[in-house]
Every structure is written in structure tokens, then in C-alpha cells.
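Only one structure is covered here, and it is reproduced in the block below.
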Amino acid sequence: MARARQRWLPALLIPLALALAALIGSVQAGASVSLPPKTANEILAMIARTEVHALSGTVVQTAELGLPEVPTAGPGIVPGATSALELLTGSHTARVYLDGPSKARLQILDRMAERDFVVNGSDAWFYNSADNSATHLSVPVPSNTGQKDSLRSETTHAGMPTPEAMASHFLSAIDSSTEVTVGEASTVAGRSAYRLSLVPRSDGTLVDSVSIEVDSETGWPLGVEVRAKGQPEPAYSLAYTDVNFSAPDAALFNFTPPAGATVTEKPVPIKPLPPPMEGPAGAAPDDSAPAPDAVVPTPQGSSSPMLPHPSPSVTGKGWDAVVGLPAGTAPAELTSNPQLAQALQPVSGGRALTTSLVSVLILDDGRVFAGLVPSDRLQSAATAQ
Amino acid sequence: MLVALAAVPILIALAVKLSSRPATPGRGPLFLDRITQNGLFVAVTALVVCVPLFLPLTVGVVAGDTIAGEANLGTLRYLLLAPSGRIRLLLVKYAGAVAFCCAATATVAAAGALAGVVFFPIGPVTLLSGDTIGVGESVLRSLLIAAYITVSLLGLSAIGLLISTFTDVPVGAMAATIVLSVVSQVLDNLPQLEWLHPWLFSHHWLGFADLLRQPVSWTSFGENALLQAGYIAVCGALAYGKFTTKDILS
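First to last, the sequence lines map onto chains A and B.
Here the first sequence stands for residues 0 to 384, numbered as in numbering that gives the first Met the number 0.
Here the second sequence stands for residues 0 to 249, numbered as in numbering that gives the first Met the number 0.
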């Protein structure tokens with residue numbers, strides 16, 4: 000009998016060992032690291048001074064906004080129709096390759112498909128493998144090319160949904176309404192990182208805090224995490240899972256549309272790149288003459304990135320800012336998307352999309368209001384105008 | 000069973016060849032619309048079609064039959080009369096199941112490549128990233144995909160072996176293995192069970208698409224291999240415990 004029990008021993012030990020290994024792995028991932036202490040201003044200066052010329056890495060975006068999960072597979076799913084809400088729910092992985100200010104490639108890794116954005120000098124390509132279509136844009140070469148070879152946000156990558164672009168959105172908006180503190184250092188993408196915490200001083204916003212993880216070696220932002228009030232898990236996070244600061248293969252930036260693909264030529268767009276994963280963090284509280292595309296908090300998907308935006312109105316300041324779009328300027332996708340229509344709730348005078356982080360109010364007269372505030376504040380902003 | 004598997008790519012190729020209406024991009028299995036332009040896609044399309052059901056089905060039959068089949072035929076005790084030991088028998092049986100996994104995926108891939116060469120023009124292959132690679136590299140990628148799928152099926156084979164040690168009725172073990180593979184895939188599609196997904200043995204089954212990106216993303220290959228190794232270790236240990244303490248009556 001003792002012998003029989005001995006033979007069951009591996010069956011007991013191996014699962015135990017595996018469970019232990021999995022546990023240790025998850026504990027190590029969350030372990031804090033010790034770095035020489037720095038003040039918030041020193042870290043901000045480090046971000047401003049960063050001298051990264053090229054990188055390749057993998058970015059994971061997770062959104063927990065309390066929206067219903069959108070099915071991405073199954074019968075009746077038309078490719079592209081879900082894009083607006085799809086990027087606001089669940090988790091998405093993308094690979095990012097950057098080299099100098101004029102070369103960039105972003106690959107959104109979908110299940111059995113891929114969406115690619117390639118920028119090389121004045122050429123920009125968008126390729127969608129799901130329907131084998133390519134879109135070509137000629138973008139003006141950024142004027143500051145010769146000036147500095149470092150990757151800063153004024154370059155073509157500004158529209159790319161990378162942690163550094165998102166971080167610079169938030170950092171550029173730091174003013175008296177934001178309290179900046181230094182949090183506990185952590186490990187992001189296998190690198191030790193300082194954590195910068197931005198806490199709104201206002202009570203009117205849905206944002207509880209924004210934390211930015213900054214690589215301790217290069218000062219490159221590695222991750223952005225937005226927490227909403229009254230929600231334990233982060234409402235939105237965008238972070239590298241691996242990153243490498245050496246130049247990627249140059250051939251990656253040479254894109255020729257494959258034979259048989261539908262190629263569309265687009266005129267020079269208003270903005271350099273359609274931001275595919277522009278989430279709620281795109282609604283950075285930018286109260287100093289915000290770029291129109293930066294404040295519309297709903298991702299417009301790839302189908303309508305070229306809409307001209309008349310100047311939107313901004314009510315309130317800092318985190319409480321409410322952006323209003325005049326009638327007729329809202330992307331058609333906002334009203335015609337069946338999945339989005341399901342998520343919208345009727346309110347007096349229109350319909351509202353309420354998430355834990357961002358609210359959108361679509362009035363019956365066509366005006367659209369959005370902000371990182373509860374929806375009743377949007378309504379009061381709408382009636383005030 | 001291998002013949003049935005080989006029929007899948009041939010049927011796909013014939014159906015696409017004979018249908019007058021070109022397939023709409025984005026509908027149907029991956030790459031179905033590209034087959035007419037490039038025969039090399041037949042193999043990949045066939046593998047995509049086979050992964051959710053046909054391959055688990057055949058692997059379930061083979062793995063479920065390993066021990067229970069011998070017990071049912073009454074040959075198990077004669078096998079154990081030889082001084083080879085139960086551990087060795089278990090290992091040999093598992094090796095047989097693994098060999099079948101290799102043969103099954105290789106059959107689908109080879110039949111697909113053959114059907115593609117016969118019915119359609121061959122040319123450079125477009126990857127998911129929109130980049131184009133030559134014929135030689137595309138054959139290499141097809142082999143990598145076949146290897147990926149073989150690795151994916153190893154965990155299921157181990158589960159089949161384990162179930163097979165618990166019963167003398169081979170049909171029961173086969174059915175249980177196949178049902179488990181379907182249940183695992185259904186659970187993998189329920190967003191409410193997201194925490195469970197990385198632990199399901201079918202979670203990475205369709206991850207071989209990562210091998211069709213430029214540059215190749217090896218993350219899912221590694222994760223898949225690790226996961227399947229975990230299943231092999233756990234199921235192997237359980238099967239060892241059961242089989243070595245079992246009273247062999249038939």
C-alpha cells in the first residue's frame with residue numbers, strides 16, 4: 000500500500016511545483032525595485048531629456064471601462080464594424096518599431112489578422128489583412144527632421160498610440176490642477192522604472208489618478224495607467240511588455256502593398272496618422288488650444304480618420320474640461336454603429352455613453368459633448384451653451 | 000484517418016477551383032480568398048480549418064485508444080508479461096500518440112501543398128503584415144506552422160493517455176478526450192472566464208498566425224510550448240500514478 004502511495008507522489012508533486020512556479024512568477028512581476036530616489040521634477044526633466052533614437056517593442060493596451068464586451072469573432076461580425084468599441088474593451092497587443100523621427104511601424108496583432116501602419120519619410124501606409132486593403136497617404140515631411148534625431152513627440156509618431164505619446168499628452172497638460180508625486184518604482188518590460196503619479200486636484204472628474212512609468216536608464220515612458228474613481232482595477236493601461244532600444248531592421252519600414260490588395264490613395268490628411276487605438280486617454284485634459292483629434296475621446300476607427308473638424312468648444316479647465324462639437328461634425332460612426340447604439344443610454348435631449356472614465360453625450364440636434372467627467376456635467380455644459 | 004485528413008485540403012482546393020464566384024475577402028476561413036492567386040495558401044487554410052475539430056478528433060481517437068484499447072482487446076496483460084515495465088509501456092504509447100500528431104499535421108500540410116501546386120498558380124506569399132516573401136521562405140513558414148500545431152496537440156494527447164488509463168472502454172476515453180477539447184475551446188471563447196483562458200490547453204491553438212507576421216513573433220510559440228509541457232507533466236504524472244497502481248485484469 001505504501002508503494003502504491005509512493006507511485007501517486009509525482010501526480011501530487013508536479014502540479015504543486017507548477018503552481019508554485021506560476022505563483023513565484025506572478026509575485027516577481029509585481030515586486031518593487033530599489034532605485035536611487037528622485038523627485039518628480041527630476042523625473043520630468045529625465046523624460047524631457049530622453050535620447051532614444053530607435054526602439055522596437057510590444058505594447059499591450061487594456062481597457063476596463065465597464066462597457067459590454069464586444070464579440071470579435073463569431074457569425075454576423077462584419078470586419079471593421081466593431082472597430083469603434085472594440086478598442087475600448089478588452090485587451091489588444093501591438094508591436095511598435097521606431098527609427099529616427101521619420102520611420103515608424105505599428106502592427107496591431109489581431110487574432111488571425113493584423114493591421115499595419117507604416118510611416119517612412121513622406122509615405123504613410125495603412126494595411127488591413129482582414130480585407131487585404133491598403134491605404135496610401137503622402138504626408139509632409141516633418142520640418143524638424145534635421146534638427147534633432149531623437150524620437151520626440153513632435154514627429155510623425157505623435158499619432159501612434161504608444162505609451163510615450165500618451166504620456167506626453169498627460170505631461171503637457173500638467174498645471175496647477177494636477178498634483179505630481181513619485182510612486183513606488185516597479186519593473187516594466189523587464190526594466191526598472193520610476194513611477195510618476197498625476198492626481199487631479201478636482202473632484203469633478205472621473206479620473207482618480209494617472210501613473211506614468213519611466214525607464215530609469217533612458218527616461219523613456221514605458222507605461223501609462225489611468226485609474227477611475229471607485230474602480231479597483233485600472234480603467235485603462237498601455238504599457239510595453241518588452242522593449243529594445245536598438246534600431247530595428249530597416250526593411251521593416253519599406254512597405255509595398257501586396258499583389259492583389261485594394262489600394263486607396265488618400266489626399267494629405269488633416270492629421271498625420273489615424274490613431275487606431277486612441278482610447279479615452281486621448282482625451283487628455285489639454286485646455287491650451289487642443290488639437291481637435293486629441294480631444295475627441297471616442298476612437299474613430301480607421302474608416303473616418305480624415306474628417307475635418309471645425310473648432311470645438313471647451314468648457315471648464317484642466318481635468319474637468321468638457322469638449323463640445325458643433326452639430327454635424329461628429330463622426331458618422333458614432334451614430335450609425337449598431338454596437339455603439341446598444342451601449343448608448345437615452346437621456347433627456349439625446350443619448351449618452353457612460354463609462355467609468357469618460358462620458359459622451361450625443362444630443363438629438365447633432366451636438367456632441369465629451370469629457371473625463373460624469374454625464375450629468377456634460378448635460379449642464381450642453382444646456383449652458 | 001490520415002486519408003480523411005488529407006481529403007480536407009483537397010476538398011477545399013476543389014471547392015475553390017470549381018466555384019465560379021470569387022470568395023469575398025474577410026469571409027470564411029483565413030486566406031480562403033487568396034487561394035486562387037496562390038496555391039501555397041491551400042495548406043495554411045486547410046490547417047486553419049482542421050485545428051478546431053478534425054485534428055483534435057483524430058488525436059482524441061488515437062490517444063484515447065492507447066491503453067484502453069489494449070485493455071479492451073485483452074492484450075494489455077500480455078504486453079505487461081514481458082519484462083519491459085509499465086512505465087516503458089506508457090512512454091511507448093505516448094510516443095505513438097505523438098508520432099500520430101506529427102503525421103496528422105504533416106499530412107494536412109503536405110496534401111494542401113500538393114493540391115495547391117496542382118490546381119493553382121504558385122507565387123510569392125503575402126503575410127499578415129502585408130509584406131511579401133518568396134516561395135522558399137513560405138514553405139519554411141508552412142513547416143513552422145505544422146510544427147506549431149503538432150506541439151499544440153501534445154497536451155491533448157497527454158490528456159487522452161491519462162483518460163485511457165482510467166477505463167477499459169476505448170470509445171469512452173476517445174469521446175471524453177474529444178469532448179474535453181471542445182469544452183476547452185468553448186470556455187476559451189467566453190469573455191467572463193478570462194482569468195482561466197491562459198490555462199486552457201486550446202488557448203494558443205490558433206496562435207500560429209503569429210508565424211505569418213513579419214518579423215515572426217515567437218511569443219505565442221514559446222507560451223504554447225510551455226503550456227503544453229505543463230499539461231504533459233501533469234497528465235503524465237497522473238497517468239503514471241494510475242497505471243502503475245492499477246490492477247490489470249484484462
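We put the beta carbon where it would ideally sit given N, CA and C, even for glycine.
Note that the coordinates shown come from a computational prediction; the quantities given were computed from them, not determined experimentally.
For A:P9, the nearest CB of chain B lies under 9 Å from its own CB, placing it at the interface with that chain. According to the DSSP assignment, A:T180 belongs to the beta strand (DSSP E) that extends over T177 to V181.
DSSP places A:G56 inside the beta strand (DSSP E), whose first and last residues are A53 to A62.
Under a 10 Å Cβ-count criterion, B:L39 is classified as buried, with 16 or more other Cβ atoms of the shown protein chains found around its own Cβ.
Contact annotation: B:I158 and B:Y230 have beta-carbon atoms nearer than 9 Å.
Relative to A:V181, the option among A:A381, A:P373 and A:P35 whose CA is nearest is A:P35.
With distances taken between CA atoms, A:V95 lies nearest to A:L251 out of A:A351, A:V209, A:L251 and A:A18. When rounded, the separation of the alpha-carbon atoms in A:T204 and B:A172 is 58 Å. For the set A:S101, A:N131, A:R114 and A:L105, the Cα lying nearest the Cα of A:S121 is the one of A:S101. When the alpha-carbon of A:T161 is set against those of A:V209, A:S236, A:D363 and A:T134, the nearest one is in A:S236. A distance below 8 Å between beta-carbons, with the five flanking residues on each side excluded, links A:S132 to the following residues of its chain, in chain order: Y126, A260, T261, V262 and T263. Between A:G259 and chain B, the shortest Cβ-Cβ separation is below 9 Å. For B:R33, DSSP assigns no beta-bridge partner whatsoever.
B:H196 carries a helical assignment under DSSP once its states are collapsed to helix, strand and coil.
Looking at A:D364, A:Q384 and A:L356, the one whose alpha-carbon comes closest to that of A:S374 is A:L356.
With respect to A:R366, A:D319 sits apart: the two C-beta atoms are not nearer than 9 Å.
Note: A:D319 is not bridge-paired with any residue in the DSSP secondary-structure output. What A:E113 touches in chain B, judged by beta-carbon distance under 7 Å, is L127, S128 and R212, going in chain order.
For the 9 Å CB-CB criterion, B:L152 and B:A103 form a contact.
In chain order, D187 and H202 place their CB closer than 7 Å to the CB of B:H196, counting only its own chain and leaving out the 5 sequence neighbours on each side. Among the residues facing chain B, A:I13 is included, as its CB has a counterpart in that chain under 9 Å away. It is roughly 15 Å from the alpha-carbon of A:A16 to the alpha-carbon of B:W198. Among the residues of chain B, none has a CB under 8 Å from the CB of A:F116; the nearest is roughly 10 Å distant.
B:R33 and B:G122 have their C-alpha atoms spaced approximately 11 Å apart. Taking every protein chain shown into account, the CB of B:S83 has fewer than 16 other CB atoms within 10 angstroms, so this residue is exposed.
For A:F254, the residues of chain B that pass the 8 Å Cβ criterion are G129 and D130, in the order they occur in the chain.
Within the same chain, and ignoring the five residues on either side of A:Q344 in sequence, the residues whose Cβ sits closer than 6 Å to its Cβ are A351. Listed by position along chain B, the residues whose Cβ is nearer than 7 Å to that of A:S128 are L127 and G129. DSSP lists A:P345 and A:I361 as the beta-bridge partner residues of A:R350. Nearest to A:T314 by C-alpha distance, out of A:G348, A:A369, A:T353 and A:D363, is A:A369. With a threshold of 16 other beta carbon atoms within 10 Å, A:D174 falls short and is exposed. By the criterion of at least three beta-carbon pairs nearer than 8 Å, the region 82 to 99 of chain B is not in contact with the region 218 to 226 of chain B.
When C-alpha distances from B:E69 are compared across B:T244, B:D167, B:S216 and B:S180, the shortest belongs to B:D167.
Rounded to whole angstroms, the separation of the alpha carbons of B:V233 and B:L46 is 28 Å.
At least one CB atom of chain A sits nearer than 9 Å to the CB of B:K241. Assigned with DSSP and collapsed to three states, A:I173 falls in coil, not helix or strand.
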